[in-house]
Each structure stands twice: as structure tokens, then as C-alpha cells.
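Chains as they are written, first to last, in the working numbering: chain L, 1 to 346; chain S, 1 to 346; chain B, 1 to 323; chain C, 1 to 513.
Have a look at the structure below, then the notes.
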Amino acid sequence: MTTTQTAAPPANEKPAETRSWWRDDASEPLRRNLALFAVLILLIIIGIATRPDLYSDSTWVRNNIFTILELASVIGVVTVGMTFVIIGGGIDLSVGAIVALAGVWSTTLATQSYGAGGMIFCALAVGIGVGVVNGILIAYGRLVAFIATLAILVAARGLAAQISGKQTQVSTNTFINDIAANDLLGIPLLVYILAAVVAAGWVLLNRTTFGRRTVAVGGNVEAARLAGINVKRHTLLLYALSGLCCGIAAIMLTSQATSAQAAMANLYELDAIAAAIIGGTLLSGGRGTIIGSLLGVIVFATITNLFAINNLSTEVQNMVKGGIIVAAVLVQQFRYKSLSQLFNRA
Amino acid sequence: MTTTQTAAPPANEKPAETRSWWRDDASEPLRRNLALFAVLILLIIIGIATRPDLYSDSTWVRNNIFTILELASVIGVVTVGMTFVIIGGGIDLSVGAIVALAGVWSTTLATQSYGAGGMIFCALAVGIGVGVVNGILIAYGRLVAFIATLAILVAARGLAAQISGKQTQVSTNTFINDIAANDLLGIPLLVYILAAVVAAGWVLLNRTTFGRRTVAVGGNVEAARLAGINVKRHTLLLYALSGLCCGIAAIMLTSQATSAQAAMANLYELDAIAAAIIGGTLLSGGRGTIIGSLLGVIVFATITNLFAINNLSTEVQNMVKGGIIVAAVLVQQFRYKSLSQLFNRA
Amino acid sequence: TSNDSGDDDNNAQVNTGNNNANAAPGKQVTIGFSAPAADHGWIAAITNNAKAQADTYSDVEFKTVEAGADAAAQRAALQTLISQKPDVIVLLPHDGKELNAFGLSAMQAGIPVVNLDRAFPDAKAYRLQIKGDNYGMGVSAAAYIVAQMKAKGVSAPVIGEIAGMDELELTQERSKGFADTLAQAGFRVANRRAARFTADTGQQEAASLLQALPKLDALWNHDDDQGIGVLAAISQANRSEFVMVGGAGSKAAIEAIQADNSVLKATVTYSPSMASSAISLARLIAQGRGMSDLVELQVPKEITLASETITKENAGNYLKLGF
Amino acid sequence: MTSPEVNDAAVVLKLEDVVKTFPGVRALDGVQLEVRAGEVHCLLGQNGAGKSTLIKVLSGVHRPDEGRIEWLGGEFKPANPQSAMKAGIATIYQELDLVDDLSVAENAFLGHEPRRFGFVRRGYMSRHTRKILTRLGHGEIPPGRMVRSLPAAGKQVVSMARALSHDAKLIIMDEPSAVLAHDEVGNLFRIIRDLTSNGIAVIYISHRLEEIREIGDRVTVLKDGRTTAANLPARTTPTRDLVSRMTGRTIEYVFPEQSTQDRGEELLRVDGLGRTGEFADISLTVHSGEIVGIAGLVGSGRSELLETIFGARRPESGTVTVAGKALRPGSVGAAVRAGLGMAPEERKSQALLLGEPIYRNVTLATFTGYARGGFTNAGKEIAEASRIADALELRPRDVRKPVRTLSGGNQQKVVVGRWLLGDTKLLLLDEPTRGVDVGARAELYQVIRDLAARGVGVLLVSSEVPEVLGLADRVLVMREGRVVREAPAGELDEDTVLDLVMAGSLQAEEVTL
Ligand SMILES: Nc1ncnc2c1ncn2[C@@H]1O[C@H](COP(=O)(O)OP(=O)(O)OP(=O)(O)O)[C@@H](O)[C@H]1O
Ligand SMILES: Nc1ncnc2c1ncn2[C@@H]1O[C@H](COP(=O)(O)OP(=O)(O)OP(=O)(O)O)[C@@H](O)[C@H]1O
Ligand SMILES: [Mg+2]
Ligand SMILES: [Mg+2]
């Protein structure tokens, strides 16, 4: 028989833990996010330094913040869905194509005749529908996510071109068009939508069983399966969720452009994946944060804005942008290391 | 369970163990390649069925084969490099941008003044150079490959636009232009280049320490490190190799188009990755074949050819293409299962 | 297309207008300008021309914002332009319909908008619209081909088409003009491939098209930039049995037509010189002046450039306008 | 301190006050170690004592923070694994370090392939590998075979072949026997004796005391990263002494009393279950409060059987009935809902989310139960997980720490603990004590017994025959996918079981002779 009572009093374990609680890996996302904040502040400082004339005008600054957020809003919504898919161990290359297909489908004359409600319903239904197709191919057809969603990308853009006859379809629905045009309490409506989607995503990931399953499935799919989680159904749901986000984004983008066409939301997949990864989501799954992804999107939008106010030519813009992406990630890593060293000494 | 005695194993093998020591999936790559061959034959049959008029002309068929191979040649060379990178556990999104930068740089008036040798040297040097930058960022800067090569994609296209002033730069060098125009023994020179690169890639992967270590680094990076492999240096070399392939491809593409511009080789990264994966390369690394990747490229080129000879519109083309990609992968899986059952019974 | 990076010194697409009453300096004005950032010769020429034309005026301050990759980025860029309070905005939108809303809001805010090339659907969204004729391009190309076929006595010609980026509306208009006009002569397009305005895609699509059509009588290629690749594919395939018509009117294409040593026999114009005109007219609008050759005191609301056909006969006249 | 039975060969390796810290952990805290040429030096210590960390320091994976290492008379500071290998130290790591898609020969020579102009000398490498494999008693493994297709024991042989492919003077083996069956362990010992007779020193790590008795010369004991005893004679030091040095307390390596209660109603009935190439025609029952053990060789299909019962594999024939109701085949979810739980064989790849906190791993199968309206209840989960951590004496106790930072044995406790939450009626345990130290092992045995006493049925797979016999009420012996004997534990002894288990191999050998 075992006698265990003699040793290991918990008392002497306590101090070691209090000393190191913040250092355990659970707080890493927070630190990474701090690093992204630092990058953001740096970008703003560069903005102030290069265009003091603009930044001295407080109305302009205020408007500029909203310009950045509006620019970030559509891709931000897409990125929330993408973050779930990547944390769950997948990838969705079809997001841009889904946005385009949903946008085009909801702006056909037939759909527009059902009014704003019909258009929104159509966009969401198309988004979820294509997402479910992705999910079925990947979860039940056992296709590699990269290939399946690439195939759907190509097919969905083709279908969008077919439906629209490659024409730009103008939205004549004032309700839809007003979403992007109007404010509430001085803040653009699109920013509210972004905030709502981010908040919902955060709660879903961190406070619900769905979020926990996502982390489990992406972190160790075999462990999740052997713990009784229905991995296939969950995978399906993840792609459907991504599709839903694309549907929402389609409405937002249609509203911004007061029109939709088959080539819209071009390469959003790369932007969304890049933002999520910059935000600390592990490409191999199992780890990531919604806030990080949001910050990633905002960093990209701020870079674009910085270029615009300094009127850099596109080619210079692109060269600098590549450098900034690299720098941002390096700063994250640097911060992580140096800070932990700093704290270690303290 | 079969009686082991009938199988007449070699004297030094214990029969009871022959059953339990290994599961026979070593031949899986071969079987996958067979499946791709089946897809290829199916595509050709569809071609014959839809355009019997063309296929009844043997000269035309011969020319068509070369048309397909020429179409496959540039992306094929890029895919060989990509296959190495993916087997080694990475990804290179910058291949298209490197091809463009190398092409543009080698067709500036200054470079062209050094003649064909100077142009080829320039393209290869630019390719390797950008590849090395990728490698340094990933291996030593510890950036995620996806982000690092995405940043380089953006930056390299920007630089290419800057160098070319967004103009299409015409190559006036007849040696370069003749590469795509000329044959040897009735076979286009580009096809020889493709064959040479594929052969070199095969030998490198299967017969050299570099290739075997690539599998190790991608398959189990910890094991590779513990075995004393310099993982960082190896990773660097992989991206340099991919860059080299892009440099070769740049010369080929410049020769085909008798010109170069910053937007050339658009989205080659997606085509190359898709071909490699269709060809059986594991996106997570550690497994893949050069022959599979080549077949993947040829399947895509054959699909494009099939669309062209049937005059399908772009949108229908895209819809069908998505379906074919999905079908091809499903066929592979189906074949894999059913065949292994077949073998089990035999 | 040329390898020199478009120095403005001897740009034939700029109106130096020495003998023009409106050339005299007037009120100091700020012109804001935005065009998308495609890596394409035509768009590059648009931007270069606009800048060069603005440089000829001592009374114009020229501010450009380059729009990023899509309409959303361009809209954000335009916001920053607005904050710099220009007197007039010259805008080549990614897509006229997508930026219609911006045009409306700028006009409402009292900033006249000169729409360049890609039309806003809403007439209230612009003060002046100056654009090329995409449908007309197709018409001109088809008309030339029909005439050639008639002259050669080919009754049922095999006609190919290499289009530009298929998802753009302008490509659709060009193809429609082409098909409509051919149909009037009882002809039709046997095979149509869509390239992406780049030489490498032009080569690939042309190689495919030539393989699909072992015998060809006429070919229209929408864009002379991608035409470099199309011509390369034709010579690589050793084909010469047909006539080819180009599009847009690049310097290289016009030279080739003049030299008459390839299948390229004509090209139909879609000139980036419209950017120069747009700047000149924007200045007049901002200064409240009219066009001196017109009786009206104001610049008119719409100008559509004709698509002209350049052949060996008239190539000499157009050579200086090639971009 | 040297005991008389150890020869006076030269000291080849000497460690003084070696310290290695990880963020938050002092994994090595002043280690002393002395190894002589030609001896088998055993390292003993509980899970997390720092054994693996110590050998990673020796093999150049980690660099020590403090202390001094002497190797062959000179100071030794390996910068990376390669320089340690060059210096003559080869290591077989605890976690298998093979590349699945390389061949046996390529794995054996990974990192130091024989080559000419960059080309691998395949013929040479293949011949050399075959020689090494033959020396290891496994000449039947073809050097060209992909490692992916080898079972765990075969992979262990390849790991060993790699160590032998270096011209090593010291070979370190971190729990090499953990994945080996009984006859394979005998073979391993033969190889070790062969090595030491050639003057090669071996550092041997194992949690099985009887192995240390059989093969070891001297023992060094680690506790909490410190050497608590050095150079004890391996054969003669009393178990009580060893265990007290390891744990700082006295325990005995015994099994809890067999329960006396009558077995309850039938919980699990398996009828004619089979899967081609894995197992065939398996029928068994488990009653409430009963522990049924399955003994057998590695590769006899026991893991596959458990996974099939649990719904992780689809049976090709036969049925599984739980508490009188047929279980939907091929559905883990249905099995869990029916009250089944399983601790799989490979905890890292099959059971754990290494980056996630302990509590989330403990509640992985039950967190839905604490949730309300789809919203999780972290407070409740942490409380419940802490309760389990206390019951299992998990170290560390803080359940918010990531599982990755736990030692192997504590990770296993997390996996078993998962099924102590919720209403698990039947627990399937696959090698629950693999790589678990003596102290934790005894605790786990007690946990399993207590579960049975509460009426839970247990189906236990283990490669350690004493464990099956000591713990189970009833024992099934499997060979080549079939049950060859079923009997109450009391009617069997170790020799009988081993005889049954190996009969297949013996007969097979007769056939080839
Ligand atoms: N394709 C196959 N052909 C022949 N036998 C196979 C095949 N696939 C699996 N097996 C058998 O399935 C069993 C798998 O071995 P495994 O080591 O998992 O069994 P085990 O009894 O659970 O051993 P352990 O005690 O190590 O868990 C072996 O009997 C193996 O021979
Ligand atoms: N890379 C690492 N990062 C942080 N902590 C680590 C790391 N490696 C080991 N540790 C910690 O160091 C201590 C010693 O671990 P080690 O693996 O050496 O134990 P062990 O004696 O080999 O145990 P076992 O018998 O379970 O294998 C443990 O507390 C472990 O959690
Ligand atoms: Mg260990
Ligand atoms: Mg097993």
C-alpha cells in the first residue's frame, strides 16, 4: 500500500507558481498582442512625423481613424471566420470568391426585387451554402483543405462571372447602400458591424463549447476524436462559419461599392490569412486569438493609410509593405524574448 | 488471417513477424501517381470524344502534346522547386513574384546590353538572391514561411514594378527569344529544359544527402536536429533552390513572351502549390515526389488545353476546373483504398 | 510600350498648346488625381500623361493619390485626397459603378469630378466624363477584318479573339462590339481566349488558341501590351496564314504595322492621351473657363474619343501618339 | 563510494554540479555523475526528476547553465548534437526520433550518410545497416523498408541501429524498453552486454527495477534535479533504499489487495469482433466492478481491439454491447455517451493538447457537461480538475499550467484523470503505466482499484505481465490477434502467461528451422 502523506507539502510549491504565473504559455497571446499594439503606435508616430499638417487637425484625425476602420471592416469580418478555420486546423482559400459570389447573387435583379431583407438573406445563405460545400469536401470527402477550397475558389468565381454576365451589378437598394454611407453617434455603421462580429467571435472562441472544440480539433485531432468530439461535424461547422462571415462581408462590401461584380474581394484570402498569422494564429492549428487577428487587420489598414497620406507610389508602397510585415513579426518575436528576459531578472 | 507458411518467406525472416513488422504502404506514392495517370488518360479521352476532328490528325496530336508540355514547362520548373520547399516543411508564396522580378531585371536595357549570358546570369542571380532572403527570414529570423514569403511576394512585385516603370520590357536578344521558338530533333527546347530540371530534381531528392535530409527536416524536424543536421542552413538552401528554379523559369517565360513585366507569372504560387499537392506532396512536409508534381502540372495544362480546343468560356472553364480538381483528388483516394483492398485479397 | 521610363520631355501625348488662348495662366488651381495601380503599360501611360500635362501649366498644383489594389483601397485613398481640398478631382476608377457613390458625395461637397474612362452610372456623380469607346473598338476591329475578308474573297472565315481580363466590363463591351459587327457580315468568332493584359498570358492563350484552330483567317487581340506575347506565340508556332488586328495603339504595335513584316496589319486605338485632355479640361473647369473652339462658356459634360484604325497607310501619323 | 563488484576501469564521463533551468523549472539542480568504460550505469528517478534533461545536456541538445562536464579526461561543452556524436556519445532518445518517410538505412545514417560527391552511397549504407541490424538480432528487417511501416518495437530497433552506426564510446538509452515486449527486452540486454564487453559505456534509464537489477552495474538516483545517491551497486542495493532515495519516502512496489466484492452485472459484451489483419473473432465480457486484463506481445492487436470497442475503428465483423444495448459501430461519441472511456496508448499524439492548460485536458471529454446553453463554465472546470489533480497527486498541482510542461508520468495521470470526471462506467486502459515511475505507478494502481470498487468496469491492456496479473480479476491472453486463454488471475502465474504469449513465436521459429 502506498503511503503518500510524508512528503510534498503544497506550501512550498506556491511561491514558485506566483512568481511565474504570468510567464506560463497561456499569457503568450497577450504579449504578442502587446507587440502588435507597439507596431500600431509606431505606424501612427510615423504618420504624425511625416504629415504633421494633417495630424494637427483633430477632425481629420478622427475621420482618419474611421477611414482606417472602415477599410478594415470587410476584411476584418472575413478574418474572424478565417481565424476559426485556421485554429481548427484548416485553411480557407475560397473566402474572397465566396464574398464575390454572395455579393453578385444578392445583387441580381431578381434578388434585389425582394428588397434589403431578401438581399441579406441571399448573401448569408450563399455564404453558408458554399461554406458547407467546403466542409463536406474536407470533412467527409477527406480532401486536403488547401486543395478543396482552392477548387471552390476557382469554381465560385466562375459561377459569379456566369451569374453576373461579368457585368458590375449596381445595387439600387437604398437600405443596403446606406449601411456604408451612414453613421450612428458619429461612428460609421460598418464599424459597428465589425465590432459586433469581433465580439461574437471572441465569445464564441473563448466562452463556448464550440470554441473549445475548435481548439481541440486543431490542436490534436486524434485526441479530440478519442475524447468523443464529432470531428467531422465540427470541421463542417467551421467552414460554414467562415462562409457566414463571408456572407456578412459581401453585404458590407456591396454597400461600400453600391455594386457587386465577380472580381470583387480579389485575393482577400491572402489578406485574411496574413492578418490572422500576424495576429498570432498558428498556421498548423490549435492556437490563435480573435483580438490578435483584429489587430493584424488594423495594422494592414493603417499601413495602407500611411502610404496614402504620404502619397507613395504603389511600387514603393509594396516594397515598404513587405518590409513592414517582416518587421512587425520580428518585433513580436523580439519583444517576446527580451521581455521574458527582462522579467526573469526582475 | 492467412497461414504464413504458404508465403515462403526468405530464410532469415520469421514468418510470424512478416505479418506484424510492417504495414505495406510504402508503395503509396506510386499508386497515387498511377491515379494521376488515370486522370490524365480520362482527360485525353474526353478530348478525343469532344474533338474527334482534331484528334484524328496525327500531326496535330503530336503538336498538341508539345503545346501542352510547353504550357507546363515554366510552371513545371517552378513546381520542382516548390516541391522541395514543401517536402522540407515550408511554403513559398513568392515564386510568381520572383519569376517576375528576375524576368524584369534581366530584360532591363542595361542587362540586355551584356547579351544572353548576362541576362541568364542576372535572372539566376536574382532568383537565388531573393530565395536566400526568404531563407534567411525563415531559418534565422524564425518567421513563419507563409508570412515571410508573402511579404517578399509583395516587395518583389513592387521592386519589379519600380525597375520596369510598369512597362512591358521587350527582349531584343535573339538567343533568349529563340529558346522558346526552336526545336531540337522535333522537340521544343523548353521541353528539354523541363525534362532536365525534373531529372535533376529527382536525383537531388532521391539520391543525394541533400534530398534525404530534406525529407528528414520536413518529416520530423526534431529528429533531424537530433541527428546533427543543420536545419537552419538546410532550410536556407531549400528556399535558395526554389529561387533558382524561379530564375530558370523567368528566362523561359521571358523567352516565350519575348518580354517581361512586373505582372507576369501572376498567381504561379497557387498553381505550383496545387500541382504539388495534387501530385501527392504532403502540405505538412516530409513526403512528396518530383514525378507526382510533374504529373500534377501536366494534368492542369491538359485541362487548360481541353478547354481551349473546346472553346469554353472563362467562367464555365473555371467552374469545370474546380470540379475536376476535386474529382482528381477523390479519384486518387478512391483508387488508393480500393487497390489496397485488392492487394490485400490477392 | 517602350523601355525608356516615359520621360516627359518629348511626350507627344501632351498638349503644349502654345497657340491656344486657354494656355495663358489663370487662377491658381489644385487638381487631385487618382488612377488604379495596375502593372500595365496603358495605366502607366495614363498616369504619366496626366502628370506631364499638369506640369505644362504654371497655374496648376497637381496632387496624386495612387489607389491600391481594389475599389475599397481607392476609396480610402480618395478620402485622404479630399482632406487636401482640391479644386477638382480627375479620377480613373477601378470600376465606375463601384466608385459612383464617391463621385456623388464629392460633387455634393462642391468638388467637381472629372471621370476618366470608366463611367459612373449616375450623371450627378461627375461634372465631365471623358472616355474611350470600348464597344467602338470592337466595331472598328471587326470592320477592318470584314473588309479584309471580303477583299480576299473568304466567305466563311475562321476568326479568333484574344480578349483582355475577362472579369472587366470593358472587355465585355469590346467583345460585344466585335461580335455584333461580325454578325452583320454573317461571320462569327470561332474561338475566344481571355488573357490578362500581360505578355506572358497573351503568349499562353495565343498558343492555346492557335492549337485549337489549325487554320485561321483573322485574329483580334484586344491589347497591344499582351500582343507582344501573342505575336511571340504566332512566330513560335510558325503561323502566318492570317491577319491580326491589335488594340489600344502602342508604339511597338504601330511600328510593327508600319514595317509590315508580321501578321499584325492594323490596330484600333484606345489612347491614354485622354488623361492629358482630362487634366487640361479639369483646369478649365476649376477656372470656370470653356473650350476655346466651342461657343459654350463651359466645358461640356461628356466626351467620347473615337476608336481609330491604324494601318500601314496611316501609321506614320499615329506613331508619335503610340504609348 | 565505488562498490567492490564494479571493475576499476577508467572514468570516461564525469559531471559536477550541473544545473539546467527552464522558465519556471529548475530541471537539473546540481547533478553529479560518474561513468566508467564498459559499465552499464543506470539512472533512476521519478517522473520529472530530470533524467531526460540530463541526457539532453550530455548529447548537446541543451547547454547547461552551470557545472562542469568531463569527457575522456577533457572538458566537454557540446555545442550541438553533431559535436556530441563526433566526440563519441550516441543517444537513443525517449521520444522516438525517426523520420517516417525515410528508409531504415537512411534513418540509421541520418546526419552522417556515407556519401561521395554529395550522392548517398546507397549500396554501402544498405550493407552496413544490414550488418548492424543483424548484430541487433533483427537481420530480417530490410534496410530499404520505410520506417513508417514498422511497428513501435521495430522503430526502437532502428533507433538503436542509429546509435550503433556511430563509432560511439558511450551510448545513452532513455527508457528503451518502454515500448518493447518481453523477448525484445532480452534481446536488448544481449546487445548491451555485447557493447560493454567491447569497452563501451552505457547509460541506461528505466522505470523497471527488475531490468536494472538484471543489466545494470551501478546506479545513480536523481530526485528533483539533484543527485541523491551515486554509484550504488545495481544488483545488491535493496529496493527499499532505491525507492526511498527516489521519492524521499518509503513505499513498496506492490499491488493493492484484490477486491473481495462480488462482480456486478454485465457491462460490456463483445461478440466475434474482428478486423482483417489486426484481430479476429474476439469475444469477452466485463462486469461492473471487475478488472479484466489483456496480456500479449507487442503487435498482438490489443490496441486495435480497444480502439474498435471504443468506436475509433469500425469493426468488420462482430458486435459490441454495453449494458445490454448494442453500441453503434465506429462512433466514439456513441461510446462515450454509453459510458465508455479510453486512455490510449500514445498519450502525446492520441490524448493530449500539449499547449493547452491541464484543466482543459482533464475536462476534454466532459466540458460540454459543465456548459450551459453552449457557454463553458471555466470556474467549475478548474475546480473539478483540481479535485482530480489532488486525487491523483498531480505535480504541479496548478491546473492552469500547460500540459506540455509536465513529465511523462504526470501527463499520463491527466489522461486517466479525464475519465474520472463524468459518469464513466467502463474504462479502457492501454498501457496506462508506460513510462510511469514507481511512485506514480503505485498511485495509479490504487486509482484503478478504487474505480473498480466504485463499480466501474476496467479493461486493461499491458505488456507487463506482473501488472496484468497483479491488478486484474480475470486475464485474457492474446496472440496474433486471437484470444488463446482466458482465466481468473489467481489461476495464472507469470511463467504460464509468458509461455502462452510467446508460443506463437516459438512455433514460428520451429517452422523456419
Ligand atoms: N496491414 C497490415 N498487415 C498485417 N498486419 C497488420 C496490418 N495492420 C496492422 N496489423 C497488425 O495490427 C497489430 C498492430 O500492432 P500494435 O503494436 O498496435 O498491437 P498491440 O497489441 O496493441 O501492441 P502494443 O502492446 O504495443 O499496443 C499487429 O498485430 C499488426 O501485425
Ligand atoms: N523544454 C522544457 N521546457 C520546460 N520544462 C521542461 C522542458 N524539458 C523538461 N522540462 C521539465 O524539467 C523537469 C525534468 O523533466 P525530464 O523530462 O528530464 O524528466 P524525466 O526524469 O525524464 O521524467 P520521465 O521519467 O517522466 O521521462 C520536468 O519538470 C519537466 O517538466
Ligand atoms: Mg524522461
Ligand atoms: Mg498497443
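Don't be surprised by glycine CBs; every beta carbon is placed ideally from N, CA and C.
Note that the structure is a prediction, hence the values are computed from the model and not measured.
Contact with chain L is absent for V299(B), since none of that chain's Cβ atoms lies less than 8 Å from the residue's Cβ. Relative to ligand 2, the beta carbon of G408(C) is positioned inside 7 Å of a heavy atom. Neighbours of M264(L) across chain S, judged by C-beta separation under 7 Å, do not exist; the nearest C-beta is about 15 Å away. With a cutoff of 8 Å on beta-carbon distance, M173(C) and V438(C) are scored as not near each other. F146(S) belongs to the set of residues whose beta carbon lies under 8 Å from a beta carbon in chain L.
In the DSSP annotation of this structure, D117(B) is not part of any beta strand (DSSP E), being labelled neither H nor E.
Counting of Cβ neighbours within 10 angstroms places Y140(L) among the exposed residues, the total staying below 16. Here the distance from the Cβ of N47(C) to the nearest heavy atom of ligand 2 is below 7 Å.
For a Cβ distance threshold of 9 Å, residue set T168, A257, S259, Q261, A263, M264 of chain L lies close to D95(B), ordered along the chain.
Residue environment analysis places D224(B) among the buried positions, since at least 16 neighbouring C-beta atoms fall within 10 angstroms of its C-beta. Closest option to E494(C), judged by alpha-carbon separation, among Q350(C), A442(C), S206(C), V465(C): V465(C). Its Cα nearest to that of V130(S), the residue L101(S) stands out among L109(S), D53(S), V203(S), L101(S).
The segment 295 to 310 of chain B makes no contact with the segment 74 to 87 of chain B: fewer than 3 CB pairs, one atom from each, lie closer than 8 Å. DSSP, reduced to helix, strand and coil, places V399(C) outside both helices and strands of the structure shown, so it counts as coil. Under a criterion of Cβ atoms nearer than 7 Å, the residues of chain L adjacent to E315(S) are, in order, G158, A161, Q162. The three-state secondary structure of E393(C), taken from DSSP, is coil. Interface flag for P214(B) against chain S is set, since a Cβ pair is found closer than 8 Å. Of the candidates I309(S), V320(S), G323(S), the residue whose Cα lies closest to the Cα of D53(S) is I309(S). The beta-carbon distance between A84(C) and L58(C), rounded to whole angstroms, is 7 Å. This is short enough to meet the 8 Å contact definition. In the structure shown, the three-state DSSP call for R287(S) is coil. A distance criterion of 7 Å places the beta-carbon of K51(C) in contact range of ligand 2, judged by its closest non-hydrogen atom. When C-beta distances to chain L are compared with 8 Å, the residues of the segment 350 to 368 of chain C below that value are Q350, A351, L352, L353, L354, G355, E356, P357, R360, L364, A365, F367, T368, in chain order. Flagged as an interface residue toward chain C: E222(S), by a C-beta distance shorter than 8 Å. In this structure, L321(B) sits away from G246(B), with a CB-CB distance that is not shorter than 8 Å. The C-beta distance from G164(B) to Q84(B) rounds to 33 Å, too long to meet the 8 Å contact threshold. With a cutoff of 7 Å, V25(C) counts as near ligand 2, since its C-beta is closer than that to a heavy atom of the ligand.
Here the alpha carbons of A227(L) and A351(C) stand approximately 8 Å from one another. In the structure shown, the three-state DSSP call for H94(B) is coil. Sorting L297(B), Q204(B), K312(B), V230(B) by C-alpha distance to the C-alpha of A72(S) places Q204(B) at the top. Cβ atoms of K20(C) and H62(C) come within 8 Å of each other, at about 6 Å. Taking 7 Å as the cut-off, one finds at least one heavy atom of ligand 2 near enough to the beta carbon of D437(C).
Taking a Cβ-Cβ cut-off of 7 Å, the neighbours of W60(L) in chain B comprise S83, given in sequence order. By the neighbour-count criterion, in which a residue is buried when 16 or more other Cβ atoms sit within 10 angstroms of its Cβ, V203(S) is exposed. With its beta carbon at least 8 Å from every one in chain L, E308(B) lies outside the interface. P466(C) carries a helical assignment under DSSP once its states are collapsed to helix, strand and coil.
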